[in-house]
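Written out below as structure tokens is the structure these notes cover.
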Amino acid sequence: MKNAILAILLFSSTTLSAQKKNQKLDKYTASNGVTYNVGGEVELGNGSSHDGSFIYVTVAGIGQNVNDPAKNRFRSTGAGAVGKIKRIRNYNYRGTQGVHFYIGLGAASNYMLNVESAIENCEVVPCPEDGQPQATDKYDQLAKLKDLFDEGVLTEKEYEAEKKKLLGQ
Numbered sequence: 001m002k003n004a005i006l007a008i009l010l011f012s013s014t015t016l017s018a019q020k021k022n023q024k025l026d027k028y029t030a031s032n033g034v035t036y037n038v039g040g041e042v043e044l045g046n047g048s049s050h051d052g053s054f055i056y057v058t059v060a061g062i063g064q065n066v067n068d069p070a071k072n073r074f075r076s077t078g079a080g081a082v083g084k085i086k087r088i089r090n091y092n093y094r095g096t097q098g099v100h101f102y103i104g105l106g107a108a109s110n111y112m113l114n115v116e117s118a119i120e121n122c123e124v125v126p127c128p129e130d131g132q133p134q135a136t137d138k139y140d141q142l143a144k145l146k147d148l149f150d151e152g153v154l155t156e157k158e159y160e161a162e163k164k165k166l167l168g169q
């Protein structure tokens, strides 16, 4: 009986701490100075991958390709698209914190937007190249690249290529 109660308490505390890690938000003020709201819009810039696709805008939910994460990226033809924000979530995954927007882009699929990384890489406008100072150095960018690789967003080949670019090799 004691073991059953202990197991229930352990499960409850784990569930509560997991819920705190992914918090639902109604609005979010991003590093580009824009306050985004659920039901509002976000404008995409240009994809930052070598082929022009969007590294930080990926298919979310049922439409995901688990075998080839690169196929989940929003295509380069989407530059300049405007998406409707359906949900905003604050996340904490393996020590990485950030904000994801779940957006509709007129297709059957929903997309997940890693908003701060997208802003830093001009996948969302306005972005640092629009005259705002860039807040991160190459080591912060390397850490973010590693997180994307660990999450399966980048393939090993893409990760190594982006890493070499950042290090100037």
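Per this note's numbering, the sequence shown runs over residues 1 to 169. Positions of the beta carbon are idealized from the N, C-alpha and C atoms, including for glycine.
Could you check how far apart the C-beta atoms of residue i and residue j are, in whole angstroms? I think they sit under 8 Å.
i: Leu44; j: Gly78; result: 6 Å
i: Asn90; j: Gln23; result: 4 Å
i: Gly83; j: Gly52; result: Contact flag wrong, Cβ pair sits at about 18 Å.
i: Val34; j: Ile85; result: Rounded, the Cβ-Cβ distance is 11 Å, inconsistent with contact.
Please list the terminal residues of the continuous alpha helix (DSSP H) segment that includes residue i.
i: Leu25; result: First-last for Leu25: Gln23 to Leu25, but that is the beta strand (DSSP E), not the alpha helix (DSSP H).
i: Lys138; result: Lys138 to Glu151
i: Val57; result: Unbroken run through Val57 is the beta strand (DSSP E), Phe54 to Ala60; no alpha helix (DSSP H).
Do you know whose CA, among the options, lies nearest residue i's CA?
i: Arg171; options: Ser48, Ala81 and Ala60; result: Since the first residue of the chain shown is 1 and the last is 169, residue 171 is not available in this structure.
i: Cys127; options: Ser31, Lys24, Asn22 and Lys27; result: Ser31
i: Gln141; options: Val125, Leu166, Glu123 and Ala118; result: Leu166
i: Ser117; options: Ser109, Asn110, His100 and Tyr111; result: His100
i: Ala139; options: Glu158, Gly168 and Val38; result: What sits at residue 139 in the sequence shown is Tyr, not Ala. The candidate whose alpha carbon is nearest that of Tyr139 is Gly168.
i: Gly98; options: Arg73, Asp26 and Lys144; result: Lys144
i: Gly95; options: Val42, Gly40, Lys146 and Phe54; result: Lys146
i: Glu160; options: Val34, Lys27, Ser49 and Ser76; result: Ser49
i: Glu63; options: Ile119, Glu123 and Tyr111; result: A quick correction: the sequence has Gly, not Glu, at residue 63. The option with the nearest alpha carbon to Gly63 is Tyr111.
i: Glu162; options: Ile55, Gly39 and Tyr28; result: Ile55
i: Tyr36; options: Lys164, Val115 and Glu123; result: Val115
With a 10 Å radius around its C-beta and 16 neighbouring C-beta atoms as the bar for buried, classify residue i as buried or exposed.
i: Asn121; result: buried
i: Thr58; result: buried
i: Ala81; result: buried
i: Ser76; result: exposed
i: Gly106; result: exposed
i: Ala156; result: Looking at the sequence shown, residue 156 is not Ala but Glu. So Glu156 counts as exposed.
Taking the continuous beta strand (DSSP E) assigned at residue i, which residues delimit it?
i: Lys164; result: First-last for Lys164: Glu156 to Leu167, but that is the alpha helix (DSSP H), not the beta strand (DSSP E).
i: Glu41; result: Glu41 to Glu43
Requested in this report: Please confirm if the stretch 142-155 is in contact with the stretch 67-76, defined as three or more CB-CB distances below 8 Å between the two stretches.
Outcome: yes
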